[in-house]
Amino acid sequence: MDGKMIQQLMVSPGDITFREVDIPKTGPDQVLVKIKRIGVCGSDIHVYHGEHPYTSYPVTQGHEVSGRIVETGEAVKDLKPGQRVTIEPQVFCGRCHPCLHGKYNLCEKLKVMGFQTVGTASEYFAVDASKVTPLPEGMSYDNGAMIEPLAVAVHAARRFPEIKGAKAVVLGAGPIGILVAQSVKAFGASEVLITDVSDSRLALAKQVGADYAVNTRDKDLGEVMTQCFGPDKADVIYDCAGNDITMNSAIQNARKGSTIILVAVFAKMANVDLAKLNDSELDLNTSMMYRHEDYVDALRFVNEGRIRLEPLQSAHFAFRDYLKAYEYIDANRESTMKVLIDVDPEDD
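To convert, take the position in the sequence shown, counting from 1, and add 2; that gives the numbering used here.
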């Protein structure tokens, strides 16, 4: 496809401009996607504030995305124009030890679109067909743009292999925390308790399926777990807040011999009680991004109605109003879940 398109560019922290560039050429193994929606996530906000340690400027953002294929390369056989798709934004080498053992989310040279390489915030985006996953028939572009963050949650949920029938705690009712709570339920957890210090976020978590939603500003986590689950407390605790307070609370209150999974990214060096971790023989596990199977399960769970994404969609902004989207998020931190950029709202 020949012609020009508009592309977003964050020149420096807080400074967003738009430029006219050529529509990219489609390689033999690539597809050209007409971008429809882009989700804004916490990492994008760090870039906006100049606080992301692994992003330099200028950068075109966008990694939570949905769109429609408009052109396919000559070697592409399983995709066709007109399909609604989402994109897996990881760029990996395929040659290092993690890649060769199927753990390409841990690639030694991992780059992510919108951070270390060009993101999808443009009217069209050419991408390797191997990074494109079709959306189920009838799935909205809004939901399609949320499959990437949901895949993060799905991957985190499966990091505890015994999740079916388990009692789980999720610390932090932000977007990822609520998605983790839904994901562990989708995988068959028997009961889920989610905690936060925001009543509005907890109400939303309860609305989409959490069995218990408790504000721990005034309540002790250990007591709450006992009240909800009995004296044996929880089998697994997911830390989706990522700070010394939540991690130490998890360590202090976890049942001996149980598991803690760190999902959130710590913003600074942690100061946590490893002596107690050791004394209780707790398994401290971590979760990093996702792999293709997580996308597949994420799409399946949404399509089957086991995970609800619409209640988490807080606001929409036009493509040219990218900056206003960030200003809105900054002004409404507690009440905002997922903000979507409408790159092309027509023909939805």
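Glycine included, each C-beta is placed from N, C-alpha and C at the ideal position.
One question on the structure: do residue i and residue j come within less than 7 Å of each other, judged by their Cβ atoms?
i	j	result
Thr248	Asp285	no
Gly146	His65	no
Tyr50	Tyr324	no
Leu279	Ile253	yes
Ala128	Pro26	yes
Ile378	Ala300	Only positions 3 to 350 of the chain appear in the structure, and residue 378 is not among them; the question remains open.
His157	Ser289	yes
Ala155	Leu137	no
Gln118	Ile309	no
Thr228	Thr197	no
Thr135	Gly75	no
Leu314	Asp144	no
Met12	Tyr126	no
Ile161	Asn287	Here residue 161 turns out to be Arg, not Ile, going by the sequence shown. Cβ atoms of Arg161 and Asn287: closer than 7 Å.
Asn250	Asp275	yes
Per DSSP, what kind of secondary structure is residue i in: helix, strand or coil?
i	result
Pro136	strand
His103	coil
Leu81	coil
His318	strand
Leu276	helix
Gln63	coil
Asn334	coil
Asp346	coil
Lys113	strand
Leu286	strand
Val267	coil
Tyr56	coil
Val93	strand
Gly75	coil
Gly69	strand
Lys187	helix
Glu164	coil
Val120	coil
Ile8	strand
Ile178	helix
Residue i bridges to which residues according to DSSP?
i	result
Ile47	Per DSSP, none; premise fails for Ile47.
Leu173	Thr197 and Asp241
Lys27	Per DSSP, none; premise fails for Lys27.
Asp17	Ser14
Arg86	Arg70
Lys340	Gln315
Glu22	Ile8
With residue i as the anchor, note down where its alpha helix (DSSP H) starts and where it stops.
i	result
Phe303	His294 to Asn305
Gly41	Not the alpha helix (DSSP H): Gly41 falls in the beta strand (DSSP E), residues Gln32 to Val42.
Val154	Ile149 to Arg160
Gly146	Tyr143 to Gly146
If I follow the unbroken beta strand (DSSP E) through residue i, where does it start and stop?
i	result
Asp130	Tyr126 to Asp130
CB of residue i to nearest heavy atom of the ligand FMN: below 6 Å?
i	result
Gln184	In terms of ligand content, the structure shown is empty, and the ligand FMN therefore cannot be addressed.
Unbroken stretches of the beta strand (DSSP E), 3 residues or longer, contained in the segment 191-264: 193-198, 214-217, 238-241 and 261-264
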